[in-house]
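Input: a single structure, listed below in structure tokens.
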Amino acid sequence: MSILAAIQMVSESDVAANLATAADLLAEAVRRGARLAVLPENFALMGRRESDKLAIREAAGDGPIQAFLAEQAARHRLWLVGGTIPLQSGADHQR
């Protein structure tokens, strides 16, 4: 039987701290047998303003949040859903 981990966490405005917390929670989920883990919406950043997410947006397929998710999935041999990831839009590239 496969186990799904629905992870809950309290994210703040520090991306590095949030990713460290997520890493700890993912490791715990794997220790408990999870093969699929789902992180909450805004797991990487819960800013004070919506515009805070714009400051950390990443190009699709490239950036520290996406690298974190890929590394965690590979490390734990785990299917991983990363909630919300702030990505640049096509308009961002044209500026």
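Numbering-wise (our numbering), the sequence shown opens with residue 31 and increments by one.
The beta carbon of each residue, even a glycine, is placed where N, CA and C say it ideally should be.
Straight-line spacing of the CA atoms in residue 42 and residue 48 works out to 7 angstroms. Shown here, residue 104 sits in a helix according to DSSP, grouped into three states. Take the alpha-carbon of residue 53 and the one of residue 78: they are about 23 angstroms apart.
Look at residue 79 here: in three-state DSSP terms it is coil, with no helix or strand label. Leaving aside the five residues that flank residue 109 on each side, the residues in its chain whose CB is nearer than 8 angstroms to its CB run, in chain order, 65, 66, 67, 103. Below 8 angstroms, enough C-beta pairs join the stretch 76-96 and the stretch 113-122 to call them touching: three or more. The Cβ neighbour count for residue 45, taken over all protein chains shown within 10 Å, is at least 16; the residue is labelled buried. Annotation for residue 59: 35, 67 place their beta carbon closer than 6 angstroms to its own, counting only its chain and skipping 5 residues before and after.
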